[in-house]
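> 0 is the number of the first residue of the sequence shown in numbering that gives the first Met the number 0; add one for each residue after it.
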Amino acid sequence: MPLEALGLTPDEARMYAAAAPRRAVTVADLAQLTGLGPQRAREVADALTERGLFSPGGDDIVVAAPPDIAGEALLLRRYEELNRARAELAALTEAFRERPGASVGEFMELMPGPAVGRRWAQIQSSARAEVVIVDAPPYAGEAPPYTGGPPPNPTQIERLSSRVAYRTVYCRRGLEMYGGFERARAYVAAGEQARVLDHVGPKFAIVDGRYGMVPLYHELPARNGGALLIHRSPLLEALSAHFEMLWMCALPLDTERESALSIEDRGLLTLLLSGLTDDAICRQLGVARRTVVRRVRALMDLAGAATRMQLGWQAAQLGWVTAPWRADGMRRTDIPARAKGE
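(1) Note down, one range per segment and in chain order, each beta strand (DSSP E) of at least 3 residues found wholly within the segment 189 to 251.
(2) Just verifying my parser: in three-state terms, what is the DSSP assignment at threonine 8?
(3) Bridge partners of tyrosine 169, per DSSP?
(4) Less than 8 angstroms between the CB atoms is what I'm expecting for alanine 183 and tyrosine 169, so what's the real figure, rounded?
(5) Just reading off the beta strand (DSSP E) that serine 345 is part of, what are its end residues?
(6) Tell me whether methionine 0 is buried or exposed, calling it buried when 16 or more other Cβ atoms sit within 10 Å of its Cβ.
(7) Grab the span of the beta strand (DSSP E) containing threonine 33 for me, first residue to last.
(8) Contact between the segment 58 to 78 and the segment 190 to 200: three or more CB pairs below 8 angstroms?
(9) Is alanine 128 near aspartate 207, with beta carbons less than 8 angstroms apart?
(10) Do the segment 259 to 275 and the segment 151 to 162 touch if we need at least three Cβ pairs shorter than 8 angstroms?
(11) Which value, in whole angstroms, describes the spacing of the CA atoms of arginine 294 and leucine 284?
(12) Assuming contact is defined by CB atoms lying nearer than 8 angstroms, are aspartate 277 and arginine 288 in contact in what I supplied?
(13) Residues in the same chain with beta-carbon distance under 7 angstroms from leucine 215, minus the five sequence neighbours each way, listed in chain order, please.
(14) Does the Cβ of leucine 81 have 16 or more other Cβ atoms within 10 Å, making it buried, or fewer, making it exposed?
(15) Run through DSSP, which three-state label would glutamate 175 get?
(16) Of all the options Tyr15, Val26, Gln155, which has the alpha carbon lying nearest to the alpha carbon of valine 131?
(17) Would you please state the rounded distance, in angstroms, between the beta carbons of alanine 44 and valine 26? I believe it to be under 8 angstroms.
(18) Where do the N-terminal and C-terminal ends of the beta strand (DSSP E) with valine 62 fall, by residue?
(19) Distance check for aspartate 58 and glutamate 49, CA to CA, integer angstroms please.
(20) Starting from leucine 298, follow the alpha helix (DSSP H) in both directions and report where the run begins and ends.
(21) Report back the beta-carbon spacing between glutamate 188 and leucine 250 to the nearest angstrom; my notes put them in contact at under 8 angstroms.
(22) Applying the criterion that 16 or more other CB atoms from any shown protein chain within 10 Å of the CB defines a buried residue, is aspartate 387 buried or exposed?
(23) Quick one, are the C-beta atoms of leucine 310 and leucine 298 less than 8 angstroms apart?
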């Protein structure tokens with residue numbers, strides 16, 4: 000019951016809930032209403048009197064205190080207890096981290112595969128500011144492709160609703176398998192900030208800069224390989240810096256449309272990145288110069304690039320091009336049919 004969260008026992012919560020609407024009631028009636036025996040009902044009524052929730056009214060009658068007044072007092076008392084517990088935990092944590100001669104094991108925990116999911120949910124639940132994730136295959140277990148409904152990480156949805164920020168860099172290969180694109184779309188819809196890179200290296204996650212989780216064997220499913228839980232340390236700071244580098248290089252994940260280009264735009268991009276001028280591209284494609292400028296501008300907007308140089312870099316990251324571009328090495332078959340004047 001919610002009243003138990005205020006420090007009441009189940010019997011106390013049940014009795015107060017029965018007495019409050021009636022204001023004044025005999026202990027005998029409360030025994031019947033709650034299903035407690037006469038002796039137990041008397042003990043519970045006395046306990047509630049000591050807590051200030053009941054006051055004696057004579058003739059075995061107790062008077063319930065107004066819920067708003069009594070509840071506020073209990074809330075304040077509970078809040079003070081929780082604050083003291085939090086302060087004690089903080090002091091113990093500080094002493095734990097600063098003890099001379101700390102070993103590597105005090106900064107890292109080795110978790111077997113079956114414990115990874117449970118611990119990941121636990122540290123996510125402790126997040127207060129931000130969780131950053133590098134998402135890449137393989138994924139735990141052999142789950143079927145995600146096709147909609149609740150995403151596979153309900154803790155993330157809950158923390159997002161509590162205004163904890165999530166930033167995720169997705170590996171493009173992961174988006175192309177296991178229903179990855181639909182899964183990412185569900186998280187973005189819940190408030191996640193998402194970007195994508197062709198190659199991200201091993202997956203990892205960091206919670207509030209306090210905990211990091213890294214799988215031990217990125218070629219195995221997480222349930223088999225286990226993971227390393229890293230506590231606050233220079234190693235975790237390095238991992239955080241690595242994430243920021245990936246985030247800077249990644250491009251915003253467009254969950255509303257496919258990133259694949261038309262064959263015409265891919266041909267235009269190939270010509271542009273081979274070093275041809277706009278006039279030369281016009282001759283190759285047989286279109287007006289303003290058409291080339293307009294289509295290049297559209298590609299820059301699609302890639303989120305401010306300059307043509309950035310367009311080249313981001314086109315590679317998006318998978319629009321896959322190899323270095325050399326004018327002397329470009330095959331005619333790389334250009335759309337209309338680019339050859341056919």
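Backbone N, C-alpha and C define an ideal beta-carbon position, used for all residues, glycine too.
Once the coordinates are examined:
(1) 192 to 196, 203 to 206, 210 to 214, 226 to 230
(2) coil
(3) Asp134, Val195
(4) 6 angstroms
(5) Because residue 345 is not part of the residues shown, which for the chain are 0 to 341, the question remains open.
(6) Here the model assigns methionine 0 a pLDDT of 49, short of 50, so the residue's position is not dependable and the matter cannot be decided.
(7) That residue, threonine 33, is in no beta strand (DSSP E); its alpha helix (DSSP H) goes 26 to 33.
(8) Contact between the segment 58 to 78 and the segment 190 to 200 is absent, with fewer than three C-beta pairs closer than 8 angstroms.
(9) Taking 8 angstroms as the Cβ cut-off, alanine 128 and aspartate 207 qualify as a contacting pair.
(10) Output reads no: the segment 151 to 162 does not touch the segment 259 to 275.
(11) A direct Cα-to-Cα measurement between arginine 294 and leucine 284 gives close to 12 angstroms.
(12) yes
(13) Gly224, Gly225, Ala226, Leu227
(14) exposed
(15) Here glutamate 175 sits in coil by DSSP.
(16) Gln155
(17) 5 angstroms
(18) 60 to 63
(19) The alpha-carbon separation between glutamate 49 and aspartate 58 amounts to approximately 18 angstroms.
(20) 288 to 302
(21) Note on residue identity: the sequence assigns alanine, not glutamate, to residue 188. Contact between alanine 188 and leucine 250 does not hold, since the beta-carbon distance rounds to 19 angstroms and is not under 8 angstroms.
(22) Lying outside 0 to 341, the shown extent of the chain, residue 387 is not represented and no answer is given.
(23) yes
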